[in-house]
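Chains as they are written, first to last, in this note's numbering: chain A, 1 to 273; chain B, 1 to 326.
What follows is one structure encoded as structure tokens, with my remarks underneath.
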Ligand SMILES: Cc1cc2nc3c(=O)[nH]c(=O)nc-3n(C[C@H](O)[C@H](O)[C@H](O)COP(=O)(O)OP(=O)(O)OC[C@H]3O[C@@H](n4cnc5c(N)ncnc54)[C@H](O)[C@@H]3O)c2cc1C
Ligand SMILES: Nc1ncnc2c1ncn2[C@@H]1O[C@H](COP(=O)(O)O)[C@@H](O)[C@H]1O
């Protein structure tokens, strides 16, 4: 990941000028998780061992969509290339095409099922090392697996800096400033490239998200989507079975004129106050 | 005779300004349950915590206490390195962390460092320790998975409020621990945190408002209700998108998860994306004018009524209740 940065530093050092490197042409990789649409009903088949994909619509993981949109901002305002990557089977290609239609330059699919967070991170680490990316934008978590682990594992594997729960990111030369959400507040950190972030809403606002237009969709068809074969890795975890939460009992209604009863139920029955 | 290395269960206990967090006591309680299943003991790791010996009351038999002013601010890489050396020294086979933002930040780094398989959002003690199998929420609380961790060392990330505090009659010895801490390329510049407010992650009660409250000027009663209950305040996504409340209060599938004991939803319809994020709260109360609002199907208690009448009444009744039970 360092090569380009070093070359640029080399050039500036040898010009013996003391101006600041503002923006160099960043190579950005956005990790895209292909997940069931948020309205999907979740069901299982094969004796509750497999997710039932019947009738499920897939989308770009919402946290990744915020990250992709921020990457587009870097591309348009500071000069950067934006590649997207997914680790998964051929069924994820429409999701990658959507990312291309939003504006990414090219897509990579690592042709292997996403067995667990570790195995995915391992595949991504190879893509990052091979591609020499300066900035990797992943999501805080995927809304299907909810692991909160892929970006951190990836960062540790490639020895890059790592900030998660990112709600803002600025890059200036090879320095970066990020804000991340912590429990009960936020903190601002300074760091540098190469960097991996786990992003979420705030990186850009909801209203900044882009719905691909016709032109984008047409262009996306011509953009490169390369399929690469996986490196060998083993998953470290393995789902034995799924279950759904126990069905809920009926709601107890309390009359709006009898709020005393609500207080008493919360105290005596639910024992939460 | 060769002394066998004790393979204890290691647990990371978080503190803030020296004070151990409630989640720290919960992870120790959990670690004790795992230790009992595996026939071993619990070693806690604490950084700059006061009264670390109190962890003994929840089942720790040893505390490795790191006292180091230079790491007063949390740093994921440094803290992961501390836990990694502790785990290696203790020969730990299982490491337990919480679901706090900081624990979720360091756990994947620790997992790579230890070559350990990691499962987050775990909601119960292992159903089996060999193979090591844990139940965790997935699909943003729409389902659970039972997952086996197949590596030699395992990391469990416990969901808040899922196990509870279990007191134990043991006691803990506190040992100074000073492992070497690596440099980190991430430096905290500033922290912006309301110290007088309960955070959504730590809160036992969360009071949440939706678009039914009409505008930001009407949040006074939500805050007052939260104050009476010692609760954190939250909101639905459109409320934060409209800028009525800060983004940090947005809960749901694309916002913060809520796993409180009590969740009170005021003027929130109960869309599937909202419910997904708050479903692991134990008791849910809805206040909504529309009896057909989907939230009534997900709630335990409901009031069909106008929030502007019901909430002030609820505040008044709760104040009276508190006065009577003080
Ligand atoms: C990809 C995606 C992700 C999403 N993620 C989230 C998420 O993480 N979190 C989230 O919350 N939403 C999320 N949403 C949005 C979600 O679908 C709903 O639009 C949203 O939850 C509705 O918010 P609300 O209940 O506040 O508003 P509304 O749906 O407008 O409901 C307002 C409610 O207030 C009631 N009401 C009106 N007046 C009063 C009164 N005086 N007193 C009492 N009640 C009153 C009404 O009967 C109504 O039920 C997501 C949507 C998408 C597409
Ligand atoms: N199969 C995958 N392919 C590419 N990126 C992924 C994949 N799974 C997870 N990620 C990335 O890692 C983030 C966190 O995922 P998780 O650790 O599963 O919660 C996601 O938001 C994505 O950016």
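Here a beta-carbon is modelled for each residue, glycine too, at the ideal position from N, C-alpha and C.
For residue 120(A), the uninterrupted alpha helix (DSSP H) run begins and ends at 117-131, by DSSP. Of the heavy atoms belonging to ligand 1, none sits nearer than 8 Å to the Cβ of residue 54(B). Put simply, the CB of residue 155(A) is near chain B, with a gap under 9 Å to one of its CB atoms. With its beta carbon less than 9 Å from one in chain A, residue 200(B) belongs to the interface. When the five nearest sequence neighbours on each side are left out, no beta carbon in the same chain lies closer than 7 Å to the beta carbon of residue 290(B). The three-state secondary structure of residue 315(B), taken from DSSP, is helix. According to the DSSP assignment, residue 158(A) belongs to the alpha helix (DSSP H) that extends over 150-158. Excluding the 5 residues flanking it on each side, residue 25(A) has same chain C-beta neighbours closer than 6 Å at 79, in chain order.
The criterion of a C-beta distance shorter than 9 Å is satisfied by residue 240(B) and residue 250(B).
Going by DSSP, residue 210(A) is part of no alpha helix (DSSP H) at all; its letter is neither H nor E.
By the C-beta density criterion, residue 161(A) is buried, having at least 16 other C-beta atoms within 10 angstroms.
Short note on residue 83(A): C-beta not closer than 8 Å to any heavy atom of ligand 2. If only complete runs of 4 or more residues are kept, the stretch 193-273 of chain A shows the alpha helix (DSSP H) at 214-222, 259-264, in order along the chain.
Cβ neighbours of residue 7(B) within its own chain (closer than 7 Å, five residues either side excluded): 40, 91, 92, 93. At a Cβ-Cβ threshold of 9 Å, residue 106(B) and residue 184(A) do not count as neighbours. For residue 192(A), the neighbours in chain B by C-beta distance under 8 Å run, in chain order, 185. With a cutoff of 9 Å on beta-carbon distance, residue 142(A) and residue 43(A) are scored as not near each other. Short note on residue 151(A): C-beta closer than 8 Å to some heavy atom of ligand 2.
In the structure shown, residue 28(B) adopts helical secondary structure according to DSSP, grouped into three states. Secondary structure at residue 221(B): helix, using DSSP grouped into helix, strand and coil. If only complete runs of 4 or more residues are kept, the stretch 86-163 of chain B shows the alpha helix (DSSP H) at 101-114, in order along the chain. Within chain B, the residues 138, 139, 140 have their CB atoms less than 9 Å from the CB of residue 144(A), given in chain order. Contact note: residue 12(B) does not reach chain A at a C-beta cutoff of 9 Å; the least C-beta distance is about 15 Å.
One Cα belongs to residue 191(A), the other to residue 137(A), and the distance between them is close to 14 Å. With 16 or more other CB atoms across the displayed protein chains lying within 10 angstroms of its CB, residue 245(B) is buried. The shortest C-alpha to C-alpha distance from residue 168(B) to any of 313(B), 54(B), 322(B), 37(B) is the one to 54(B).
Below 8 Å, enough C-beta pairs join the stretch 61-76 of chain A and the stretch 202-216 of chain A to call them touching: three or more. For secondary structure counted as the alpha helix (DSSP H) over 4 or more consecutive residues, the stretch 252-309 of chain B holds these complete runs in sequence order: 272-278, 295-298.
Residue environment for residue 47(A): exposed (fewer than 16 other C-beta atoms within 10 angstroms of its C-beta). The C-beta of residue 161(B) comes no closer than 9 Å to any C-beta of chain A. Contact annotation: the stretch 12-20 of chain B touches the stretch 37-52 of chain B, with at least three C-beta pairs closer than 8 Å. Remark: the shortest separation between the CB of residue 211(B) and any heavy atom of ligand 1 falls under 8 Å.
With a cutoff of 8 Å, residue 242(A) does not count as near ligand 1, since its C-beta is closer than that to no heavy atom of the ligand.
From the listed residues 131(B), 61(B), 45(B), 58(B), the smallest Cα separation to residue 176(B) is found for 45(B).
For the stretch 162-192 of chain A, the beta-carbon criterion of a distance under 9 Å to any beta-carbon of chain B is satisfied by 162, 163, 164, 165, 167, 177, 178, 179, 180, 181, 182, 183, 184, 185, 186, 187, 188, 189, 190, 191, 192. Rounded to the nearest angstrom, the gap between the Cα atoms of residue 98(A) and residue 276(B) is 25 Å.
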